[in-house]
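Right, one structure below, let's go through it.
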Amino acid sequence: MKTIQIGGIQETIIERSDYPRARLDQILAKETIAILGYGPQGRGQGLNLRDQNFKVIVGLRKGRSYDKALADGWKEGKDLFTIEEACRRGTILQYLLSDASQIAMWPTVKPFLSAGKTLHFSHGFGIVFRKETNIIPPPDVDVILVAPKGSGLTVRTHFQSGRGINASYAVFQDASGRAKEKAHALGVAIGSGHLFETTFEKEVHSDLTGERCVLMGLIQGAFLAQYEVLRRHGHSPSEAYNETIEEALQSLYPLIGEKGMDWMYANCSTTAQRGALDWAPRFKKALEPVIEECYKSVQAGEEARISIRSNSAPDYREKLEKELAAVSRQEMWEAGRVLRPFRPEHAKP
Ligand SMILES: NC(=O)c1ccc[n+]([C@@H]2O[C@H](COP(=O)([O-])OP(=O)(O)OC[C@H]3O[C@@H](n4cnc5c(N)ncnc54)[C@H](OP(=O)(O)O)[C@@H]3O)[C@@H](O)[C@H]2O)c1
């Protein structure tokens, strides 16, 4: 456990070393952890728990996820059950269905939340937008959150390589008086490297803003804008792609991850540094109002309503696949498909 101070704000970081196996066992040994859902998070968290011999079972409907779980070695009747049966057997229910199906399945799950059980989320969505989702847990259960800051696939691969992934944690309801230590223990047990504290509300507001902006939406918009400007001015697809995406992802962004933006700048030419230092404030000025608008839309629940409406539609998957296919057909990503095989790691001597 380390106290850090950034910008005058003090925070406590929970580290793996704070929860050695003996302490995890003290907290979790009597619990049966039921993983409901086997998307990227359910699979990653479930397999990580199983590999460490925690008492973990999976609850799924028959179909795609069920088949994936069978292929991963979960056994019907032993540690793989229907959602209802897993809810009955589980004392900690990790609600890892898609956010839209959490709403649909809530009337099925809720009756199994008897006093003393724990309801665990990896996203604050269902609870924070409860006016829309109707997910209102009974008062005598603990309600906690551990939200890995990355995809479920990374939860798994980082665990396998011994690295762990950062996660936030929060307590919404502490019926037992032990909710916080359960959140810490579960966070470590599912493979987090370190944990920082949040609230359900802060988690959902930052997460929805992040994915709409810098992590996903803004980055696609920025890549496309620059690619199209370069192409309009007569640059070849190879040049536009390399100057927009390949150099960013393969060379410069890893340097930001390693030691910060100043480190990346410091490793570029003085011409590049001058340009970036001059133009960055203009982009901040242009983008800040859009990000602010997005945050307000998240805060007002509008983004949640849009997401619930579209993800609950019976044809949502077909529509989504069409939209993703349209992105994939953009010349910029076609260029990526053609050019990636030329990366040095694929080059023949
Ligand atoms: N993915 C991430 O990067 C990430 C990161 C942090 C937190 N989270 C949070 O973790 C939770 C799980 O997300 P995820 O991405 O792992 O999963 P997801 O892909 O959103 O959800 C998939 C699971 O939900 C099941 N499901 C969907 N509709 C169902 C229904 N009507 N009845 C029963 N099961 C149904 C799917 O089963 P079928 O295969 O049978 O359809 C599948 O097992 C969410 O709260 C999410 O916000 C996700």
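Numbering (this note's numbering), first residue to last: 2 to 350.
Every residue gets a Cβ at the ideal spot worked out from N, C-alpha and C, and that includes glycine.
Based on the DSSP secondary-structure assignment, which residues constitute the bridge partners of K3? I14
Considering only DSSP beta bridges, list what F82 is partnered with. G60
Select from I104, F130, K111 and V59 the residue whose C-alpha is nearest the C-alpha of A87. V59
From which residue to which residue does the alpha helix (DSSP H) around T109 run? Annotation: the continuous alpha helix (DSSP H) that includes T109 extends over D100 to V110.
Just the C-alpha distance for S298 and V215, rounded to the nearest angstrom, thanks. 16 Å
Contacts around G165, its chain only, beta-carbon distance under 7 Å, and the 5 residues preceding and following it disregarded: Cβ neighbours of G165 beyond the five flanking positions: R17, H159, G192, S193 and G194.
Fully enclosed by the region 215-250, which alpha helix (DSSP H) runs are 4 residues long or longer? 218-233 and 238-242
N- and C-terminal bounds of the alpha helix (DSSP H) containing T134: R131 to T134
Per-residue DSSP class, three states only, for D143: strand
Element boundaries [beta strand (DSSP E), containing G194]: S193 to E198
Contact test: E139 Cβ vs ligand 1 heavy atom, cutoff 7 Å: Note that residue 139 corresponds to Pro in the displayed sequence, not to Glu. Not so, every heavy atom of ligand 1 lies at least 7 Å from the Cβ.
Among A148, I136 and R24, nearest to P41 - alpha-carbon criterion: A148
Of the residues Q161, A281 and V142, the one placed nearest F173, counting alpha carbons only: V142
Residues near G163 in its chain [Cβ-Cβ closer than 7 Å; skip 5 each side]: Excluding sequence neighbours, G163 sits near nothing in its chain.
N-terminal and C-terminal residue of the alpha helix (DSSP H) that Y317 is part of: Y317 to R330
Would the C-beta of P149 count as close to ligand 1, meaning under 7 Å from any of its heavy atoms? yes
Cα separation between D73 and R157? Taking the straight line joining both Cα atoms gives about 13 Å.
Between which two residues does the alpha helix (DSSP H) carrying H185 extend? A180 to A190
Closest by CA to R179, which one among G117, T134, H234 and Q227? G117
From which residue to which residue does the alpha helix (DSSP H) around N49 run? P41 to D52
What are the boundary residues of the beta strand (DSSP E) that includes H121? Where H121 is concerned, the enclosing beta strand (DSSP E) stretches over T119 to F122.
In chain order, what residues of the same chain have a beta carbon less than 7 Å from the beta carbon of A305, not counting five sequence neighbours either side? F126, F130 and E133
Does the contact criterion of 3 or more C-beta pairs under 8 Å hold for the region 222-233 versus the region 318-327? Because the criterion of three Cβ pairs below 8 Å is not met, the region 222-233 and the region 318-327 do not touch.
When E198, L278, I34 and E332 are compared against T119, the one with the closest alpha-carbon: I34
Between N312 and the rest of its own chain, which residues show a CB-CB distance below 8 Å, the 5 nearest in sequence each way excluded? These residues qualify, in order along the chain: S99, D100 and A101.
Per the DSSP calculation, Y170 is bridged to which residue(s)? The partner list for Y170 (beta bridge, DSSP) reads V147 and E198.
Look at the Cβ atom of L278, then the Cβ atom of M265, and state whether they are nearer than 8 Å. no
How close, in whole Å, do the beta carbons of I28 and E182 come, if the pair is a contact with beta carbons under 8 Å? 6 Å
Simplified DSSP state of Y67, which is helix, strand or coil: helix
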